[in-house]
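For what it's worth, my numbering labels the leading residue of the sequence shown as 24, then goes sequentially. Here a beta-carbon is modelled for each residue, glycine too, at the ideal position from N, C-alpha and C. Everything numeric in this text was worked out from a predicted model, so none of it was measured.
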Amino acid sequence: MQVPLTCPGCRARLEQTPQGYRCPACGAVYPVTDGIPRFVPADPFYEGRWARPDLSRGNLRNWLVKKERFFLRRLRGQRGVLLDLGCGGGWAVFAAVGHAVGLDLSAASLAAARRIYPQVVCAGLEALPFPDETFDFVVSSDVFGHVPLGLKDRVLAEIWRVLRPGGRTLHYIEADGADPALRFARRDPELFKKHIIEPEGHIGLEPADRIFARFRAAGFKPLAELPVYRGLLYWGRVRQYFDNEYRGRSFWVDRWVDLARLFTAHRLLELGGNVLVALALELADRLFPAAWAGGVLVDYQKGG
C-alpha cells in the first residue's frame, strides 16, 4: 500500500515519471531524490537534527516520559493509516498503528525514518501533498512550536482536510509557559531569544489555552486537552536555558544551574536525575497553575 500523492499547489493527483512526479493539471514537477519525493527543499536549520529512529515500543523510558506515555496509552490497540508530521527519524509506536507516512523538512531524518515507515515525503505542513480524507490519525511531537503563528490555522485546516471523518489528531505541542523561571528569562528579551527560542527554532510558542482554542475553532472535538510540564525542566534543559549570560542575575536560578551541572556531570547521574524530575512533574502538573505549562498533550477528533 502507498498513500497517493497530490499536488500541493492545485491538489490534483500526481503522475509518476522516471524523474519523479508531475501534476497533469498545473504542470508542476516534483523530484524524487534517494527514493524520497520532495515538494519543498530540505531546510538547513533542521537538517540532521533529529535523524535517529526511535525503535522503542513501550520501554521504561516511554512510560516515565509523560508525552510518550500519552501516545502509548491513547494509541494502544488502534489501527489505521497514520501521518507523522515533522517525523524526524520516526517512532516505532506510530509505525505500529498501521501504514505510517512520515513528513519532514530534513533529508537525513527522512532517510532514517524509512527504516520504520513504509512511506516518507519532504513537504511543508501548510500544504500537505495528500488527498482529502486519507488518514485515520495525524500525529506530531515537538513540532507545532516551530510553526509561525501566522501559519498555524492553515496547518490545522490541512490536518482537517486529510483526516477521515471520525479520525483523530494527537500532538505534544510546546507551549509559552508563564512559570517563574521563564518570567525571569523574559526580563532580557535578547537573551530569551538567544538561549530559549533560537537554538531549536521555537518561533511559534503560545499559551496552552490559546492552543486549545485554535483546535476548537478549527472544528475539532476535544477528547483530551492536558497542560503539562508545569514549572519544571529536565536538567539538560536547565543548562541550555540558563548556564550562560543569565548566570549572576538570580541567586535561585544560579543554584538551579549548579544542581543541573552536578546531575549532568555523568550520564547515569543525569538519567537518575531526570527520573526524579519526571516523578516530580506528576505532582507539579496537579498543583501548579495551567498557565505555567511548558507544553500540552492533545487528542482531537474530526466530526462527521
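Residue i beta carbon near the ligand ZN (any heavy atom closer than 6 Å)
i: LEU37; result: The ligand ZN is not part of the structure shown, which contains no ligands of any sort.
N- and C-terminal bounds of the alpha helix (DSSP H) containing residue i
i: PRO212; result: 212 to 215
i: ARG233; result: 231 to 240
i: GLY259; result: 258 to 265
i: GLY71; result: From DSSP, GLY71 is part of no alpha helix (DSSP H); its letter is neither H nor E.
i: ASP331; result: In the structure as shown, the chain begins at 24 and stops at 327. Residue 331 is therefore absent and cannot be evaluated.
i: ASP308; result: 290 to 310
i: VAL116; result: 115 to 118
i: LEU3; result: What is shown of the chain runs 24 to 327, which leaves residue 3 out entirely.
Own chain, CB closer than 8 Å to residue i, minus 5 neighbours either side, in chain order
i: TRP73; result: GLY111, GLY112, SER129 and SER132
i: VAL55; result: GLN42, GLY43, TYR44 and ARG61
i: LEU214; result: ALA208, ASN267, GLU268 and TYR269
i: GLU293; result: TRP258, GLY259, PHE286 and THR287
i: ASP57; result: ALA130 and ALA134
i: ARG262; result: VAL280, ALA283, ARG284 and THR287
First and last residue of the uninterrupted beta strand (DSSP E) at residue i
i: ARG160; result: Per the sequence shown, the amino acid found at residue 160 is Phe instead of Arg. 158 to 164 is the extent of the beta strand (DSSP E) around PHE160.
i: ARG45; result: 43 to 45
i: GLY318; result: 316 to 324
i: VAL88; result: First-last for VAL88: undefined, no H or E at that position.
i: VAL124; result: 123 to 127
i: ALA247; result: 244 to 253
i: THR56; result: 52 to 56
i: LEU37; result: Note, LEU37: premise wrong, no beta strand (DSSP E); not H, not E.
i: LEU106; result: 105 to 108
Proximity of residue i and residue j at Cβ, strictly below 7 Å
i: PHE243; j: TYR323; result: yes
i: GLY318; j: ALA198; result: yes
i: VAL120; j: LEU106; result: no
i: ILE219; j: ALA208; result: yes
i: GLY326; j: THR287; result: no
i: GLY125; j: PHE160; result: no
i: PRO154; j: PRO31; result: no
i: PHE81; j: LEU95; result: Residue identity check: residue 81 is Gly in the sequence provided, not Phe. Contact flag set, yes.
i: ALA134; j: LEU78; result: no
i: GLY334; j: HIS289; result: This structure gives no information on residue 334, because the portion of the chain shown stretches from 24 to 327.
i: VAL26; j: THR157; result: yes
i: VAL300; j: TYR257; result: yes
i: ALA23; j: LEU179; result: Any answer about residue 23 is impossible in this case: the structure gives the chain only from 24 up to 327.
i: ALA48; j: ALA65; result: no
i: PRO76; j: ARG138; result: yes
Nonlocal neighbours in the same chain, by C-beta distance under 7 Å from residue i, ignoring five residues either side
i: LEU304; result: LYS89, TYR252 and LEU255
i: ARG184; result: ASP155
i: LEU174; result: GLU149
i: MET24; result: HIS122
i: ALA51; result: CYS30 and GLY32
Close-in-space but distant-in-sequence residues of the same chain around residue i (CB under 6 Å, 5 per side omitted)
i: VAL321; result: HIS194 and GLU248
i: PHE265; result: VAL276 and VAL280
i: LEU172; result: GLY227
i: ALA136; result: CYS110, GLY112, GLY113, GLY125 and VAL143
i: TRP86; result: ARG92
i: ALA307; result: ARG253, GLY254 and LEU255
i: THR40; result: none
i: ARG177; result: GLU149
i: GLY238; result: It is Phe, not Gly, that sits at residue 238 in the sequence shown. Only TYR323 meet the Cβ criterion.
Start-end ranges of the alpha helix (DSSP H) lying completely within the stretch 139 to 207, minimum 4 residues: The stretch 139 to 207 contains these whole alpha helix (DSSP H) runs: 175 to 185.
For the pair the stretch 248 to 255 and the stretch 302 to 320, tell me if three or more CB-CB distances fall below 8 Å. Yes, since at least three Cβ pairs between the stretch 248 to 255 and the stretch 302 to 320 fall closer than 8 Å, the two stretches touch.
Counting pairs of beta carbons, one from the stretch 193 to 201 and one from the stretch 279 to 295, are three or more of them closer than 8 Å? Put simply, the stretch 193 to 201 does not touch the stretch 279 to 295. Fewer than three CB pairs are less than 8 Å apart.
Do the stretch 139 to 147 and the stretch 161 to 168 meet, that is, are 3 or more Cβ pairs less than 8 Å apart? Taking 8 Å as the limit for Cβ pairs, the verdict is that the stretch 161 to 168 does not touch the stretch 139 to 147.
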